[in-house]
Amino acid sequence: MREPSGVEGVKPERGRRLIVANWKMNKTRPEALAFRDAFGRESESLGGVEVAIAPPYPYLSDLASPAGGWSLAGQDCSAEARGAFTGEVSAEMLASCGCRYVIVGHSERRKHFHESGALLSGKLRQARQAGLVPIFCVGETLEERREGLTRELLRRQIEAAENDPADAPLVVAYEPVWAIGTGQNATPKQAEETIAGIRNLLAGRASLRVLYGGSVTAENAASLASREGIAGFLVGGASLDSPGFARICRSCP
Ligand code: PGA
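See below:
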């Protein structure tokens, strides 16, 4: 596979790592409550990482951490503020349920729900108006990587954040589409190089954390976390199990 080029430059901030659990459309309410109780016990010994959990919407209030051990994230939000949009959930609703973060532009939303850059700009705007920190997802397909189009694709995806205020804290999740749910994670080197490229594209931001996502497990988290610029993880499948997710959190220095 060809690596993106021209990735030297902008140094990442050093700070607490952010580990986000993206449950997608998984778990019943009793299962979600069981996770909360089990992870509540684990979270007392997670070390210095910041944790956020993005459960399905109906369990947001249930998943609030009793002891402040983690924050809440929405898995998505509407590009509209409110009104007659049956089935949609607004950024303001998420904020009023205690969310600090919202995932915007996940590749599954882009693929299955045909979300465009223009729509994602609207979602980012709504997130900011509600006081949420967006976790903006970007990533290339296997074909795009093979054809050497990764950098150009990421540049185009990041254009959706053009009007997002540069002084507001932004989280970007680099998730290669070919690594999501496939068990085939990007190598630490691929992740580091691509994330350096993303940081260059967003060089004007005052506060930027870039996470890696795509088949992160307790087994590969430490080697990924050791690479420069990887400020944390967006974890799907491996976040559904409380002890396994806690192991991922603990493996981040
Ligand atoms: P995965 O999903 O960890 O199951 O690959 C990551 C994501 O889609 O955010």
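Numbering-wise, the sequence shown is residues 1 to 253 according to my numbering.
Glycine residues also receive a C-beta, built at the ideal position from the N, C-alpha and C atoms.
Name the two residues that bound the continuous beta strand (DSSP E) containing residue i.
{"i": "SER71", "result": "71–74"}
{"i": "CYS137", "result": "133–138"}
{"i": "CYS99", "result": "99–104"}
Could you say which of the options lies nearest to residue i if we only look at CA atoms?
{"i": "LEU221", "options": "ARG205, PRO253, ARG209", "result": "The question names Leu, but residue 221 in the sequence shown is Ala. That would be PRO253, whose Cα lies nearest to the Cα of ALA221."}
{"i": "ALA81", "options": "LEU202, MET93, THR28", "result": "MET93"}
{"i": "ALA79", "options": "LYS189, MET25, VAL89", "result": "VAL89"}
{"i": "ILE19", "options": "SER43, ASN26, GLU159, GLU31", "result": "SER43"}
{"i": "GLN157", "options": "ALA166, ALA168, CYS137, GLU143", "result": "CYS137"}
{"i": "SER65", "options": "VAL172, PRO30, ALA54, ARG36", "result": "ARG36"}
{"i": "LEU142", "options": "LYS111, PRO188, MET25, ALA179", "result": "ALA179"}
{"i": "ARG41", "options": "LEU153, ALA67, ALA95", "result": "ALA67"}
{"i": "LEU170", "options": "ALA127, GLY181, ALA118", "result": "ALA127"}
{"i": "ASN22", "options": "ILE248, GLY117, LEU240, SER251", "result": "LEU240"}
What residues are listed by DSSP as bridge partners for residue i?
{"i": "GLU50", "result": "LEU18"}
{"i": "SER208", "result": "According to the sequence displayed, residue 208 carries Leu and not Ser. Paired residue(s): LEU170."}
{"i": "PHE233", "result": "ILE19, TYR212"}
What span of residues does the alpha helix (DSSP H) with residue i cover, start to end?
{"i": "ILE158", "result": "150–158"}
{"i": "PRO243", "result": "242–250"}
{"i": "LEU63", "result": "That residue, LEU63, is in no alpha helix (DSSP H); it is neither H nor E in DSSP."}
{"i": "ARG82", "result": "Note, ARG82: premise wrong, no alpha helix (DSSP H); not H, not E."}
{"i": "GLU108", "result": "107–112"}
{"i": "GLU144", "result": "142–146"}
Would you kindly check if the distance between the Cβ of residue j and the Cβ of residue i is under 7 Å?
{"i": "GLY232", "j": "LEU211", "result": "yes"}
{"i": "ASN185", "j": "GLY229", "result": "no"}
{"i": "GLY244", "j": "ALA225", "result": "no"}
{"i": "ALA91", "j": "LEU132", "result": "yes"}
{"i": "TYR174", "j": "GLY139", "result": "yes"}
{"i": "LEU46", "j": "ILE53", "result": "no"}
{"i": "GLY197", "j": "ARG151", "result": "yes"}
{"i": "ALA168", "j": "GLY204", "result": "no"}
{"i": "VAL51", "j": "TRP70", "result": "yes"}
{"i": "LEU72", "j": "CYS99", "result": "yes"}
{"i": "CYS77", "j": "LYS123", "result": "yes"}
{"i": "SER242", "j": "ALA38", "result": "yes"}
Using three-state DSSP, classify residue i as helix, strand or coil.
{"i": "VAL89", "result": "coil"}
{"i": "ASN200", "result": "helix"}
{"i": "PRO4", "result": "Any reading at PRO4 needs caution, since the residue's pLDDT is 39, under 50, leaving its predicted position unreliable; the model's value is listed next. In this structure, PRO4 counts as coil in the three-state DSSP scheme."}
{"i": "SER121", "result": "helix"}
{"i": "ALA238", "result": "helix"}
{"i": "GLU228", "result": "coil"}
{"i": "GLY40", "result": "helix"}
{"i": "THR182", "result": "coil"}
{"i": "ALA130", "result": "coil"}
{"i": "ALA95", "result": "helix"}
{"i": "PRO56", "result": "coil"}
{"i": "LYS27", "result": "coil"}
{"i": "THR194", "result": "helix"}
{"i": "ALA161", "result": "helix"}
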